[in-house]
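Undergrad: The sequence shown begins at 1 in UniProt numbering and counts up by one. A virtual CB, placed ideally from N, CA and C, is assigned to each residue, including glycine. Have a look at the structure that comes next, please.
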Amino acid sequence: MEYLSRSLRGLTEIADFHYHPKCSKLAITHLCFADNLLLVARGDITSMITLHHCFTQFSEALGLKANLGKNSVYFGGIARADRERIQHELGFSSGELPFKYFGASLSTKKLSLLQWQPLIEKIVAKISSGTVKNLSYAGRTQFVQIMLFGVQA
């Protein structure tokens with residue numbers, strides 16, 4: 001992933017690439033979560049194609065391929081014609097915002113308890129399972145730690 005991060009940082013030297021408006025101050029082009037990758041750019045065709053080309057070069061260099069069935073492009077405040085052109089160029093389906101990650105909605109705003117509820121319910125269900133109730137205190141503590149690491153990954 002370091003190779004991809006360096007390649008994406010190099011996009012700043014390309015005059016036609018523009019950051020997503022909420023990411024330009026911190027120069028963010030991507031976020032990595034375990035085996036998930038979120039690429040962000042301004043919603044113009046040139047920036048999107050440049051970002052996609054950078055990822056394609058990474059994929060070819062390392063032989064890692066993205067699962068096209070799981071890829072989506074998300075738009076906000078983009079004209080319909082531009083969205084359709086970008087989708088056609090990239091070959092991705094359009095996703096709906098806000099999207100969920102581990103059952104919690106990802107948003108640029110503070111999440112409410114209601115938005116966290118699905119993730120909380122998953123964690124409580126795992127902790128409350130019958131096998132965990134028979135563990136010692138130390139065993140339950142370790143189980144909770146493993147569970148939380150599993151949620152992060």
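Which same chain residues end up closer than 6 Å to Arg83 when comparing Cβ atoms and leaving out the 5 residues on each side of it in sequence?
TA: Same-chain partners within the cutoff: Phe75.
Undergrad: Helix, strand or coil: which one does DSSP assign to Ala153?
TA: With a pLDDT of 49 at Ala153, under the threshold of 50, the predicted position of this residue should be treated as unreliable, and no value is reported.
Undergrad: Determine, using beta-carbon pairs with one atom in the stretch 8 to 27 and one in the stretch 46 to 66, whether at least three such pairs fall under 8 Å.
TA: yes
Undergrad: Determine the closest residue to Arg85 out of Glu96, Ser59, Lys109 and Gly43, with distance taken between C-alpha atoms.
TA: Gly43
Undergrad: How about Ser112 and Phe92: are their beta carbons less than 9 Å apart?
TA: no
Undergrad: Answer with buried or exposed for Ser47, where buried requires no fewer than 16 other C-beta atoms within 10 angstroms of its C-beta.
TA: buried
Undergrad: Can you list, in chain order, the stretches of the beta strand (DSSP E) that have 3 or more residues and sit fully within the stretch 75 to 131?
TA: none
Undergrad: For Cys23, which of helix, strand or coil comes out of DSSP?
TA: Here Cys23 carries a coil assignment [DSSP, helix/strand/coil].
Undergrad: From which residue to which residue does the alpha helix (DSSP H) around His52 run?
TA: Ile45 to Leu62
Undergrad: Determine the direct distance from the alpha carbon of Ile123 to that of Ala41, and round the result to whole angstroms.
TA: 33 Å
Undergrad: CA-CA distance, Thr29 and Tyr19?
TA: 7 Å
Undergrad: How is the alpha helix (DSSP H) around Leu4 delimited, first residue to last?
TA: Glu2 to Arg9
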